[in-house]
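*Asks:* For the sequence shown, the working numbering gives the first residue as 817, with consecutive numbering after it.
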Amino acid sequence: MKVGRPKGSKNKSTAEVRAKFQELIENNLSQFQDDLNSLEPLERLNILLKLSKFVLPTLKATDIVEDTKNVLEISFYDPEKKEYETISTDTDKFRITDIYNPDRVKQ
817 MKVGRPKGSK NKSTAEVRAK FQELIENNLS QFQDDLNSLE PLERLNILLK LSKFVLPTLK
877 ATDIVEDTKN VLEISFYDPE KKEYETISTD TDKFRITDIY NPDRVKQ
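1) In angstroms, rounded to a whole number, what distance separates the CA positions of Ile867 and Ser825?
2) Write down every uninterrupted run of the beta strand (DSSP E) in the region 851-900 whose length is 3 residues or greater and which is fully enclosed by it, in chain order.
3) Note down the Cα distance separating Gln849 from Asn843, rounded to an integer number of angstroms.
4) From Arg821 to Val833, what distance separates their C-alpha atoms?
5) Using 8 Å for Cβ pairs, my map puts Glu899 next to Ser891. What's the rounded Cβ distance?
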C-alpha cells in the first residue's frame, strides 16, 4: 500500500510558499521598480533577462540537420549546338578536384 498524497494532488506547502512569494512581490512592486531604475542599464538588463525565465515560456532547443551532400551544378552554353550542358558534382563527369587540377585545362 502506498503512503502519501494521491496522484495528481497539489503539494500544500509548495502552494503556500508560492502564494506567499507572489504576495511579497505584489506588495513590493514599486520598491522593486525603484531599485531597477537605480541600476546601470546593463545591470538592469541582466536582471530583467534573469527574471524573464520565470515569466516567459522557455523555448525548446532545436537541432538543425542539413544535408551533408552538397551538389554543385554548372551550366555551359554551347553556341554551336545552341544548347546548355549541365555538369553536376554528384556525377562521375565532374569532380571538385578537377577545378584545381591544371593538367585538366585544355590548350
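Virtual Cβ for every residue (Gly too), placed ideally from N, Cα, C. Predicted, not measured: the structure shown is a model, and the values here were computed from it.
*Replies:* Once the coordinates are examined:
1) Checking the sequence shown, residue 867 turns out to be Leu, not Ile. For Leu867 and Ser825, the distance between alpha carbons rounds to 28 Å.
2) Segments of the beta strand (DSSP E) lying fully in the region 851-900: 889-894.
3) Pairing Gln849 with Asn843, the inter-Cα distance amounts to about 12 Å.
4) 18 Å
5) Taking the Cβ atoms as the reference, Glu899 lies roughly 10 Å from Ser891, outside the contact range of under 8 Å.
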